[in-house]
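Chains A and B, in that order, are what the protein sequence lines are.
Per my numbering, residue -12 is the first one in the first sequence, and the count goes up by one each step.
Per my numbering, residue -12 is the first one in the second sequence, and the count goes up by one each step.
Note that beta-carbon positions come from the ideal geometry of N, C-alpha and C, so glycine has one too.
Model, not experiment: these values are computed from the prediction.
Report on the following structure.
Number of protein chains: 2
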Amino acid sequence: MEFQVLHRVAGSEARLGLLRTAHGDIRTPAFVAVATRGTVKALSAEDVAALGVEVLIANTYHLALRPGAEAVAALGGLHGFTGWKGPWFTDSGGFQVFSLGAGKVHGVGKIASIFPGEASARPVGESLVELTEQGAKFRSIVDGGWVLFTPEEVIRLERLLGADVILPLDECTSPFHDEVYTRQAMERTHRWGERALRAFEQTQGLGPNSHQALWGIVQGGAYEELRRTSARTIASLGFPGFAIGGSLGKSKEDVRNVLAWSVAELPTHRPRHLLGIGAVEDILMAVQYGMDTFDCAAPTRLARNGALLTFSAEGFKLNIDNAAYRTDPRPIEEDCDCPTCQRYSRAFLRHLLRSGELSYFRLATVHNLRFMVRLMDRVRARLAQGRLPTVQALQG
Amino acid sequence: MEFQVLHRVAGSEARLGLLRTAHGDIRTPAFVAVATRGTVKALSAEDVAALGVEVLIANTYHLALRPGAEAVAALGGLHGFTGWKGPWFTDSGGFQVFSLGAGKVHGVGKIASIFPGEASARPVGESLVELTEQGAKFRSIVDGGWVLFTPEEVIRLERLLGADVILPLDECTSPFHDEVYTRQAMERTHRWGERALRAFEQTQGLGPNSHQALWGIVQGGAYEELRRTSARTIASLGFPGFAIGGSLGKSKEDVRNVLAWSVAELPTHRPRHLLGIGAVEDILMAVQYGMDTFDCAAPTRLARNGALLTFSAEGFKLNIDNAAYRTDPRPIEEDCDCPTCQRYSRAFLRHLLRSGELSYFRLATVHNLRFMVRLMDRVRARLAQGRLPTVQALQG
């Protein structure tokens, strides 16, 4: 794997790059489409390729539970099993440490501000995770039994899955964890990172892909000293690329700070991935702060819920369920080149959504994912001109 | 609209034909894919066209309730609204008279033998239909209010929807209706058919398609005298084509008889549609008895439930959920040319089904619908050779 920075924008950390993998090139900044269980929800691999998507991210935790990493390896790894032959990332299960653990107890997402106006956490359930120095013990969502994920086991699973970029087990903390706990979790993540690196070296040759790269994950919550320490520590371990993990704090300001502190301590010639962020405004901000890739389930989930992404709508979202579209013959967006906009009216898409037709989910997802590709095309075009991609510039 | 019989098979009623509509030709015998609300479930119109499907059938009852026939007309009728530009049929709502009425009370389908071994009916609910000479009053499944469907109103709705072949309101009886009731229902269906013909003439020019044909529906349950009377009566009214409606009785033998009695009384140069039958064995039998077209939701519904159609599996069905396919790298069927079999293994399809991934539904439906197209290709090839399409011959 090789990463080239092709162009930088003065006065910011933004850069244009090229990430080369054994399964294809990724022009950065790039949106990494989420395919948790090996498929982008409602799409086929041909659909994804036709939309111009260059890279997908699957989830080790989910695939290890079903169908099992060995089963995926037997079918040629993710590239053979899923039909998507281009570059793959795999997340480690670290996010599930959070989403099934503190995220449930604290009732929050990766950024606490998704519940604006709430001063504290909103509990939504009991933790399904037990954390020890050894690893994370999960309640399986498939059969309810306990599953132990150690840093070494996660590397073994990711070797079997065979993604091009793999991530070590980490602990994604909650925005409501205090500095003391966040530091303990961060230090454990560092130790897990070292163990993952050793396991990665010791498993050379295992699995279907001999060209994998293991990137390090920076943690530390929204605490400046922790984020800087984490970035320096992880960078010192020699990972060829980095991911910024959550918590990202309680506000957009916090997210900006987390990115600035982390990037300041990371080597400039290595790629940087921002985990789980995909709102348009957030991506534009993250590009400015030097992020190269982003993954997020939001664009595809929004599609399934009726929120279609357009450059012209307020907040980039058109709610297709709105009664105003009942007999609207126009496509979702006039100048969109996606297959859905080439043939279908807002009226028909609204009809399919309201009728609960399965066809809706694919047509809507096709549009939103093509929007993300077009968005990143515009972002890169701006960067190539030496300018930052602002909301205003991209809506033109 | 024009129908040509191209070739007959001696010793049977089987024939090869061509049904020409203003929106394209249909090579018969043909499977008419079900698109109740304007879309084949889980597919797009492009998908359907790519599979070689030549004609779709939508449902007047469902579309009239949502989004409304006027809304569809405003978007150019079914051809404009749905993206499927080829030939359309519309069913009248007559099947809903049955499925929401006697079908619920009697707990049966169109052929009672779908509950083998049961001597009598199995009640599953109260009727949501009130039948009078005027028409059928339905409880709307959308908002719970009462909706009156008269023969005249159904024609008006079908004019607005603009399908190429439209069907009049009829009463589909239950296999557990006695001869006295079945005769009353049949006679009412005949009177409704005459009213529909008058309404069809009086609405010339209404709606987006000036080339519609109204076909008559033969009723009469599994009673010989009734079926023959119904076929003769409906034929005498001058319809340019015919549909055989249910009930088709309580056994395969009953179905064969119903078809034989009906066809014996119908003019040979007019097309004949069999409503709601689509099991492979039933289609082969119906071809032998002179049917030209068939519609049925089974192939697409089976796909969604994990039953994938193949020429080699017993009963033509492979259950993809079977544990034997967990790491099976083969396509559903080795020599299938469908997009799903070109790229995906049984193992991956099983994984998608078990994971509840939306992607599964489309990939499975694509395969089953392509199977139906290939099946009808084989049927027509046999007929062209002057031979009947038997199960044995088609599995070769």
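Under 7 Å, do S(-1) (chain B) and T47 (chain B) count as touching if we go by C-beta distance?
In the second sequence, residue -1 (chain B) corresponds to position 12, counting from 1. In the second sequence, residue 47 (chain B) corresponds to position 60, counting from 1. Taking 7 Å as the Cβ cut-off, S(-1) (chain B) and T47 (chain B) do not qualify as a contacting pair.
So with Cβ pairs under 7 Å, would you call S100 (chain B) a contact of chain A?
Within the second sequence, residue 100 (chain B) is the residue found at index 113, counting from 1. In this prediction, S100 (chain B) has a pLDDT of 45, which is less than 50 and means its spatial position is unreliable; what the coordinates show is noted afterwards. Not closer than 7 Å to any Cβ of chain A, the Cβ of S100 (chain B) fails to qualify, so no.
Can you tell me which of A:I128, A:H66, A:F(-10), A:K72 puts its alpha carbon nearest to the alpha carbon of R14 (chain A)?
Translated into the one-based positions of the first sequence, residue 14 (chain A) becomes position 27. Here the closest residue by C-alpha is A:F(-10).
Proximity of S86 (chain B) and P162 (chain B) at Cβ, strictly below 7 Å:
On the second sequence, residue 86 (chain B) is found 99 positions in, with the first residue counted as 1. On the second sequence, residue 162 (chain B) is found 175 positions in, with the first residue counted as 1. Against a cut-off of 7 Å, the Cβ pair of P162 (chain B) and S86 (chain B) comes out as no contact.
Since N244 (chain A) is in the alpha helix (DSSP H), which residue starts that stretch and which ends it?
Numbered from its first residue, the first sequence carries residue 244 (chain A) at position 257. It spans 239 to 252 - the alpha helix (DSSP H) in which N244 (chain A) sits, taken as one unbroken run.
Proximal residues, the stretch 277 to 290 of chain A versus chain B, C-beta separation under 8 Å
none
With a Cβ-Cβ cutoff of 7 Å, do V21 (chain B) and A273 (chain B) count as a contact?
Within the second sequence, numbered from 1, the residue matching residue 21 (chain B) stands at position 34. Within the second sequence, numbered from 1, the residue matching residue 273 (chain B) stands at position 286. No; because the gap between Cβ atoms is not below 7 Å, this pair is not in contact.
Got a sec, what are the start and stop residues for the alpha helix (DSSP H) N355 (chain B) sits in?
Within the second sequence, numbered from 1, the residue matching residue 355 (chain B) stands at position 368. Per DSSP, N355 (chain B) belongs to the alpha helix (DSSP H) from 345 to 371.
Inter-residue CB distance, G263 (chain A) and D241 (chain A) (contact presumed, cutoff 8 Å):
Translated into positions along the first sequence, residue 263 (chain A) becomes position 276. Translated into positions along the first sequence, residue 241 (chain A) becomes position 254. Wrong, their Cβ atoms sit about 15 Å apart, outside the cutoff.
Contacts that L6 (chain B) makes with chain A (C-beta to C-beta distance below 8 Å)
As a working mapping, residue 6 (chain B) is identified with position 19 in the second sequence. Those within 8 Å of L6 (chain B) in chain A number zero; the least Cβ separation is about 25 Å.
Tell me which residue opens and which closes the beta strand (DSSP E) that E117 (chain B) is part of.
For the purposes of this step, residue 117 (chain B) is taken as residue 130 along the second sequence, with counting starting at 1. Per DSSP, E117 (chain B) belongs to the beta strand (DSSP E) from 116 to 118.
Secondary structure of Q(-9) (chain A), DSSP reduced to three states
For the purposes of this step, residue -9 (chain A) is taken as the residue at position 4 of the first sequence. Here Q(-9) (chain A) carries a strand assignment [DSSP, helix/strand/coil].
By Cβ distance, which residues of its chain are closer than 7 Å to R367 (chain B), with the 5 residues on each side in sequence left out?
Here residue 367 (chain B) refers to the residue found at position 380 when the second sequence is read from its first residue. Counting only Cβ-Cβ distances below 7 Å, and skipping sequence neighbours, we find L3, R14, P16.
So which of B:V(-8), B:H93, B:Q189, B:A(-3) has the shortest CA-CA distance to R7 (chain B)?
For the purposes of this step, residue 7 (chain B) is taken as residue 20 along the second sequence, with counting starting at 1. Minimum Cα distance to R7 (chain B) is reached at B:V(-8).
Within the stretch 9 to 54 of chain B, ranges of the beta strand (DSSP E) (whole runs, at least 3 residues)
11 to 15, 17 to 21, 43 to 46
P155 (chain B) and A183 (chain B) look like a contact to me (Cβ under 8 Å); what is the Cβ gap, rounded to whole Å?
Here residue 155 (chain B) corresponds to residue number 168 of the second sequence, with the count starting at 1. Here residue 183 (chain B) corresponds to residue number 196 of the second sequence, with the count starting at 1. At roughly 3 Å, the Cβ-Cβ gap stays under 8 Å, so P155 (chain B) and A183 (chain B) are in contact.
Cβ pair A32 (chain A), G64 (chain A) closer than 7 Å:
Position 45 of the first sequence, counted from the start, is the residue given in the question as residue 32 (chain A). Position 77 of the first sequence, counted from the start, is the residue given in the question as residue 64 (chain A). No, they are not a contact pair.
Cutting at 6 Å between CB atoms, please list the residues of its own chain near G11 (chain B), excluding the five before and the five after it.
Within the second sequence, residue 11 (chain B) is the residue found at index 24, counting from 1. Same-chain partners within the cutoff: G73, P74.
Below-7 Å beta-carbon distance, L340 (chain B) vs any chain A residue
Taking the first residue of the second sequence as position 1, residue 340 (chain B) is located at position 353. Not one chain A Cβ lies under 7 Å of L340 (chain B).
Check the Cβ of T314 (chain B) against every Cβ in chain A and list those closer than 7 Å, keeping chain order.
By 1-based counting over the second sequence, the position of residue 314 (chain B) is 327. Residues of chain A passing the Cβ test: A58, A61, L62.
What residue does the alpha helix (DSSP H) around I142 (chain A) start on, and which one ends it?
Translated into positions along the first sequence, residue 142 (chain A) becomes position 155. Note, I142 (chain A): alpha helix (DSSP H), 138 to 148.
Sub-7 Å separation of A29 (chain A) and S346 (chain B) beta-carbons:
In the first sequence, the residue the question calls residue 29 (chain A) occupies position 42. In the second sequence, the residue the question calls residue 346 (chain B) occupies position 359. Against a cut-off of 7 Å, the Cβ pair of S346 (chain B) and A29 (chain A) comes out as a contact.
Provide the residue span of the beta strand (DSSP E) that contains C323 (chain B), from first to last.
Reading the second sequence from its first residue, position 336 is the one you call residue 323 (chain B). Run containing C323 (chain B): none; DSSP gives neither H nor E here.
Any idea if E105 (chain B) is buried or exposed, counting beta-carbon neighbours within 10 angstroms, 16 or more meaning buried?
For the purposes of this step, residue 105 (chain B) is taken as the residue at position 118 of the second sequence. With a pLDDT of only 42 at E105 (chain B), under 50, the local geometry of the prediction cannot be trusted, and the value read off the model is given with reservation. Its Cβ having fewer than 16 others within 10 Å, E105 (chain B) is exposed.
Is Q329 (chain B) buried or exposed, if buried means 16 or more other CB atoms sit within 10 Å of its CB?
On the second sequence, position 342 is the one that residue 329 (chain B) refers to. Per the 10 Å Cβ criterion, exposed.
What separation, rounded to the nearest whole angstrom, lies between the Cα atoms of E320 (chain B) and Y312 (chain A)?
By one-based count along the second sequence, residue 320 (chain B) stands at place 333. By one-based count along the first sequence, residue 312 (chain A) stands at place 325. The alpha-carbon atoms of E320 (chain B) and Y312 (chain A) are separated by roughly 42 Å.
Sequence-distant residues of the same chain with beta carbon closer than 6 Å to T77 (chain B), five excluded per side:
Translated into the one-based positions of the second sequence, residue 77 (chain B) becomes position 90. Excluding positions up to five away in sequence, the list reads A45, T47, E145, L148, A150, I153.
Hey, is T26 (chain B)'s beta-carbon within less than 7 Å of any beta-carbon in chain A?
Taking the first residue of the second sequence as position 1, residue 26 (chain B) is located at position 39. At least one chain A Cβ lies under 7 Å of T26 (chain B).
Minimum C-alpha distance to G207 (chain A) - residue among A:V95, A:L289, A:A218:
Within the first sequence, numbered from 1, the residue matching residue 207 (chain A) stands at position 220. Closest option to G207 (chain A), Cα to Cα, is A:A218.
With 7 Å as the limit, tell me which residues of the stretch 58 to 92 of chain A have their beta carbon closer than that to any beta carbon of chain B; keep them in chain order.
A58, A61, L62, F68, T69, G70
Integer Cβ distance of A290 (chain B) from A351 (chain B), believed to fall under 8 Å
Along the second sequence, read from residue 1 onward, the residue named residue 290 (chain B) stands at position 303. Along the second sequence, read from residue 1 onward, the residue named residue 351 (chain B) stands at position 364. For A290 (chain B) against A351 (chain B), the beta-carbon gap comes to about 4 Å, under 8 Å, which counts as contact.
CB L356 (chain A) to CB G293 (chain A), shorter than 7 Å?
Within the first sequence, the letter at position 369 stands for residue 356 (chain A). Within the first sequence, the letter at position 306 stands for residue 293 (chain A). No, these two residues do not count as a Cβ contact at 7 Å.
Could you tell me if the beta carbon of N46 (chain A) falls within a distance shorter than 6 Å of some heavy atom in the ligand NAD?
This structure does not include the ligand NAD; it has no bound ligands of any sort.
Specify, as a first and last residue, the run of the alpha helix (DSSP H) that T77 (chain A) falls within.
Here residue 77 (chain A) is taken as the residue at index 90 of the first sequence, counted from 1. Premise fails: T77 (chain A) lies in the beta strand (DSSP E), 75 to 78, not in any alpha helix (DSSP H).
Is L345 (chain A) close to chain B? Criterion is C-beta to C-beta, closer than 7 Å.
Residue numbering aside, residue 345 (chain A) sits at position 358 when the first sequence is read from its first letter. Closer than 7 Å to some Cβ of chain B, the Cβ of L345 (chain A) qualifies, so yes.
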